[in-house]
Amino acid sequence: MAVKNKKLNLKDKYQYLTRDMSWEPTYQNKEDIYPDERFEGIKITDWSQWEDPFRLTMDAYWKYQAEKEKKLYAIFDAFAQNNGHQNISDARYVNALKLFLTGVSPLEHAAFQGYAKVGRQFSGAGARVACQMQAIDELRHSQTQQHAMSHYNKHFNGLHDAAHMHDRVWFLSVPKSFFDDARSAGPFEFLTAISFSFEYVLTNLLFVPFMSGAAYNGDMATVTFGFSAQSDEARHMTLGLEVIKFILEQHEDNVPIVQKWIDKWFWRGFRLLSLVGMMMDYMLPNKVMSWAEAWEVYYEQNGGALFKDLERYGIRPPKYQDIANDAKHHVSHQAWSTFYQYGHATNFHTWMPEKEELDWLSEKYPDTFDKYYRPRFEHWAKEHAEGRRFYNNTLPQLCQVCQIPTIFTEKDDPSMLSHRQIEHEGERYHFCSDGCCDIFKDEPEKYVQAWLPVHQIYQGNCEGGDVETVVSKYYHINIGEDNFEYIGSPDHKRWLAIKGKSSDEKAGGADKNAA
Amino acid sequence: MSVNALYDYKFEPRDKVENFHGMQLLYLYWPHHLMYCSPFAFLVQPDMTFGAFIEEVLKPAVAAHPDAGNASFLDARWQLNGEPFTPDASATLKDSGIDHKSMLTVITPELNGIAGSAS
Ligand SMILES: [Fe+2]
Ligand SMILES: [Fe+2]
Ligand SMILES: [Zn+2]
Numbered sequence: 001m002a003v004k005n006k007k008l009n010l011k012d013k014y015q016y017l018t019r020d021m022s023w024e025p026t027y028q029n030k031e032d033i034y035p036d037e038r039f040e041g042i043k044i045t046d047w048s049q050w051e052d053p054f055r056l057t058m059d060a061y062w063k064y065q066a067e068k069e070k071k072l073y074a075i076f077d078a079f080a081q082n083n084g085h086q087n088i089s090d091a092r093y094v095n096a097l098k099l100f101l102t103g104v105s106p107l108e109h110a111a112f113q114g115y116a117k118v119g120r121q122f123s124g125a126g127a128r129v130a131c132q133m134q135a136i137d138e139l140r141h142s143q144t145q146q147h148a149m150s151h152y153n154k155h156f157n158g159l160h161d162a163a164h165m166h167d168r169v170w171f172l173s174v175p176k177s178f179f180d181d182a183r184s185a186g187p188f189e190f191l192t193a194i195s196f197s198f199e200y201v202l203t204n205l206l207f208v209p210f211m212s213g214a215a216y217n218g219d220m221a222t223v224t225f226g227f228s229a230q231s232d233e234a235r236h237m238t239l240g241l242e243v244i245k246f247i248l249e250q251h252e253d254n255v256p257i258v259q260k261w262i263d264k265w266f267w268r269g270f271r272l273l274s275l276v277g278m279m280m281d282y283m284l285p286n287k288v289m290s291w292a293e294a295w296e297v298y299y300e301q302n303g304g305a306l307f308k309d310l311e312r313y314g315i316r317p318p319k320y321q322d323i324a325n326d327a328k329h330h331v332s333h334q335a336w337s338t339f340y341q342y343g344h345a346t347n348f349h350t351w352m353p354e355k356e357e358l359d360w361l362s363e364k365y366p367d368t369f370d371k372y373y374r375p376r377f378e379h380w381a382k383e384h385a386e387g388r389r390f391y392n393n394t395l396p397q398l399c400q401v402c403q404i405p406t407i408f409t410e411k412d413d414p415s416m417l418s419h420r421q422i423e424h425e426g427e428r429y430h431f432c433s434d435g436c437c438d439i440f441k442d443e444p445e446k447y448v449q450a451w452l453p454v455h456q457i458y459q460g461n462c463e464g465g466d467v468e469t470v471v472s473k474y475y476h477i478n479i480g481e482d483n484f485e486y487i488g489s490p491d492h493k494r495w496l497a498i499k500g501k502s503s504d505e506k507a508g509g510a511d512k513n514a515a
Numbered sequence: 001m002s003v004n005a006l007y008d009y010k011f012e013p014r015d016k017v018e019n020f021h022g023m024q025l026l027y028l029y030w031p032h033h034l035m036y037c038s039p040f041a042f043l044v045q046p047d048m049t050f051g052a053f054i055e056e057v058l059k060p061a062v063a064a065h066p067d068a069g070n071a072s073f074l075d076a077r078w079q080l081n082g083e084p085f086t087p088d089a090s091a092t093l094k095d096s097g098i099d100h101k102s103m104l105t106v107i108t109p110e111l112n113g114i115a116g117s118a119s
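Protein chains in written order, with UniProt numbering: chain H, 1 to 515; chain V, 1 to 119.
This is how it looks when you write it as structure tokens:
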């Protein structure tokens, strides 16, 4: 190739710096170099068909990301110097960050590991480069989120040991097992799970609520992180769509395999997002929109258009989509009820909504809130006022697949739990739904090994037989600081002090007659 | 169906009864009392009597519910793993056919939760 003294255009530069850096092996068998590429049954006939919409090369990537990083850390510094935490709407908001830091930031790290791994496993250079960049993005997200929130750790409880908690705390096994399931699958299932089902179909439901939630509640550090990650997310979503179209176009035999993965990962993602639903409806003092509204916009409308578009490949909308759509009226209330009653075993505080918030919920959920949930919440508020703050002193049954307590109700009868039960090779298994039960039946060997926190406590594997020991010794939750009711908590008192109010103004009936 | 894997993929179930040191798991679901967010997961002795289970395990678990005082559990309608079940207070759990990871459902049709909301 003759070297001309001329700037390469984007297309040529991309070609030289990515595809042309790959080569055909001559003395090794290609199948030995990429052993994971075939066992899932996906047939790729021509990797060169892979399109990279962004045509980003590594040198440009570094330059661009470094620029963003510089701006981001300048704002973090300013936020810390100006005591930005004092400008948030209310200290209850910080509990959403505690959930994010322990539940989501470690998933960014898991995503980094996942993409680094699959990036080695594809024989197509375009897919390898895309995975490499996403791996680095995800590692950066994990780090910058921790840095964005570290300022809060100086002023509020429950943020001190996120990585440790992610591996151990009962409800964090929900996000953890989600990613462990994806990372222990083959490379094509991983991309369908994370790039397509999560990043493309569902990520807006995580990102938009959290970032708008941060903006509405005066958390400039987290908002700035969100802006900084947005261009990465746009790339990740594009990769997600490209992956699915590429696999489907390569061979018709791929269609039923991909459909099965879409069904599975839509359901797993939907269950995981119950946590986000509760964050939006209950943990944001200034509300952005209701979970039901978010689900309508970001899943029913956007997802509807997407699956219409995928029809020509023989793909239909995910199985049990109707159940998920109906559940938008219930899941946030069911999840918050669960955390409220197990608030002695969480690293964040829980509380009952205030009067205006109850009215907001009644308005946003006209068919369900007053009928099924308001009486429960009013009862709990009354109990609390009378010095009997309700905590559930037993342990819950968990779903063998999603690992959430089996709290969800039937689509056609919200007064009954949608519990399912089967026997497999002489053992009984319990599930929250047909969706999770089907996932188990398809790959029982995978889920019989599930590390279910409740069963692990009962087997004696969590440093103690009683909840208090497990919570303090095994989880590293500081009892009386991180957990229990928000009203009267050290966080609450500190917030009142920041705002120059006395701590008994709002702390009436504050006590911890806990489990 | 089974897992597509690069090697023989076979694992022991993690929650076999042997792992519970002589105890077993028992789930209990009280419909229309969703104030308790999910069925309870109890660790019980297989040779405990059903009557003792009601008195020592079930009643303390539900004590905080306003319906608890009015519930006559032994006379209620029971299911064991989805099938009709007639409790015998003097029989042990094991002799009642309640094995590891079984689920009991106790239906009290006259009690419908806080303000009738199934909570
Ligand atoms: Fe990310
Ligand atoms: Fe991402
Ligand atoms: Zn489940």
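Positions of the beta carbon are idealized from the N, C-alpha and C atoms, including for glycine.
Start and end residues, alpha helix (DSSP H) containing residue i
i, result
"V174 of chain H", "S173 to R183"
"M278 of chain H", "S274 to M278"
"T102 of chain H", "V94 to G103"
"I422 of chain H", "Counting along the chain, I422 of chain H falls outside any alpha helix (DSSP H), though it belongs to the beta strand (DSSP E) covering R420 to H424."
"M58 of chain H", "M58 to Q81"
"Y458 of chain H", "P453 to Y458"
"Y16 of chain H", "L10 to L17"
Residue j beta carbon less than 8 Å from that of residue i
i, j, result
"W261 of chain H", "G435 of chain H", "no"
"N70 of chain V", "L6 of chain V", "no"
"D263 of chain H", "L361 of chain H", "no"
"M279 of chain H", "A96 of chain H", "yes"
"R389 of chain H", "S337 of chain H", "no"
"D162 of chain H", "F225 of chain H", "Checking the sequence shown, residue 162 of chain H turns out to be Ala, not Asp. Contact: no."
"V331 of chain H", "P209 of chain H", "no"
"Q49 of chain H", "E249 of chain H", "yes"
"S433 of chain H", "S415 of chain H", "no"
"L43 of chain V", "F20 of chain V", "yes"
"G240 of chain H", "E189 of chain H", "no"
"Q334 of chain H", "I407 of chain H", "yes"
"D491 of chain H", "V94 of chain H", "yes"
"V255 of chain H", "G314 of chain H", "yes"
"N347 of chain H", "T102 of chain H", "yes"
"V285 of chain H", "R428 of chain H", "Contrary to the premise, residue 285 of chain H reads as Pro rather than Val in this sequence. In this structure, R428 of chain H does not lie closer than 8 Å to P285 of chain H by Cβ."
"S197 of chain H", "G269 of chain H", "yes"
"R55 of chain H", "Y14 of chain H", "yes"
Closer than 7 Å: residue i CB and nearest ligand 4 heavy atom
i, result
"H109 of chain H", "Ligands present in the displayed structure are limited to ligand 1, ligand 2 and ligand 3, and ligand 4 is not among them."
Limits of the beta strand (DSSP E) - the one that residue i falls within
i, result
"S102 of chain V", "S102 to I107"
"P84 of chain V", "E83 to F85"
"M416 of chain H", "D413 to L417"
"E427 of chain H", "E427 to F431"
"Q24 of chain V", "Q24 to Y29"
Practice problem: Using a Cβ-Cβ cut-off of less than 8 Å, list which residues of the stretch 58-75 of chain V approach chain H; keep chain order. | Solution: P60, A61, A64 and P66
Practice problem: Residues of the stretch 7-22 of chain V with a CB closer than 8 Å to any CB of chain H: list them in chain order, please. | Solution: Y9, K10, F11, E12, P13, R14, D15, K16, N19, F20 and H21
Self-check item: Cβ pair count under 8 Å reaching 3, the stretch 454-462 of chain H against the stretch 23-41 of chain V
Solution: yes
Self-check item: Cβ-based contacts, 7 Å cut-off: residues of the stretch 394-411 of chain H near chain V
Solution: T394, L395, P396, Q397, P405, T406 and I407
Quiz item: Looking at chain H, which residues of the stretch 25-46 of chain V have a Cβ within less than 8 Å of any of its Cβ atoms?
Solution: L25, Y27, Y29, P31, H32, L34, M35, Y36, C37, S38, P39, F40, A41, F42 and L43
Self-check item: Residues of the stretch 45-79 of chain H with Cβ closer than 8 Å to any Cβ of chain V, in chain order
Solution: none
Practice problem: Pull out every residue of the stretch 82-100 of chain V whose Cβ sits closer than 9 Å to any Cβ of chain H, in chain order. | Solution: G82, D99 and H100
Practice problem: Would you list, in chain order, the members of the stretch 448-476 of chain H that have their beta-carbon closer than 8 Å to a beta-carbon of chain V? | Solution: V448, Q449, A450, W451, L452, V454, H455, Y458, Q459 and G460
Quiz item: With contact counted as at least three CB pairs below 8 Å, one residue from each stretch, are the stretch 101-121 of chain H and the stretch 73-88 of chain H in contact?
Solution: no
Practice problem: Give, in chain order, every residue of the stretch 374-391 of chain H whose Cβ lies closer than 7 Å to some Cβ of chain V. | Solution: P375, R376, H379 and F390
Self-check item: Cβ contact check for the stretch 85-98 of chain V and the stretch 50-63 of chain V: 3 or more pairs under 8 Å
Solution: yes
Practice problem: Would you be able to state if there are at least three C-beta pairs under 8 Å between the stretch 433-452 of chain H and the stretch 128-138 of chain H? | Solution: Output reads no: the stretch 433-452 of chain H does not touch the stretch 128-138 of chain H.
Exercise. Check each residue's C-beta against every heavy atom of ligand 2 and list, in chain order, those closer than 7 Å.
Key: Cβ atoms closer than 7 Å to ligand 2 belong to H:A111, H:Q134, H:D137, H:E138, H:H141, H:E199, H:T203, H:D232, H:E233 and H:H236.
Quiz prompt | Stretch-stretch touch, CB-based, cutoff 8 Å, three pairs: the stretch 57-71 of chain V with the stretch 418-429 of chain H | solution = no
Practice problem: Output, in sequence order along the chain, the residues in the stretch 308-321 of chain H whose CB is closer than 8 Å to any CB in chain V. | Solution: none
Quiz item: Of all residues in the structure, which have a C-beta closer than 6 Å to any heavy atom of ligand 3, taken in chain order?
Solution: H:R271, H:C399, H:V401, H:C402, H:I404, H:F431, H:C432, H:S433 and H:C436
Exercise. Identify each residue in the stretch 160-183 of chain H for which the Cβ-Cβ distance to at least one residue of chain V is less than 9 Å, and report them in chain order.
Key: Contacts with chain V (Cβ-Cβ distance below 9 Å) from the stretch 160-183 of chain H involve no residue at all.
Self-check item: Any 3 or more C-beta pairs closer than 8 Å across the stretch 383-398 of chain H and the stretch 342-352 of chain H
Solution: yes
Exercise. Select from the stretch 13-45 of chain H all residues with a C-beta closer than 9 Å to any C-beta belonging to chain V, and list them in chain order.
Key: So the list reads P35, D36, F39, E40 and G41, given in the order they occur along the chain.
Quiz item: Taking any Cβ of chain H, which residues in the stretch 103-119 of chain V have a Cβ under 7 Å from it, in chain order?
Solution: M103, I114, A115, S117, A118 and S119
Quiz item: Should the stretch 123-130 of chain H be regarded as contacting the stretch 18-38 of chain H, the criterion being three or more beta carbon pairs within less than 8 Å?
Solution: yes
Practice problem: Select from the stretch 338-360 of chain H all residues with a C-beta closer than 7 Å to any C-beta belonging to chain V, and list them in chain order. | Solution: T338 and Q341
Quiz item: Residues in the stretch 111-125 of chain H with C-beta within 8 Å of chain V's C-beta atoms, listed in sequence order?
Solution: none
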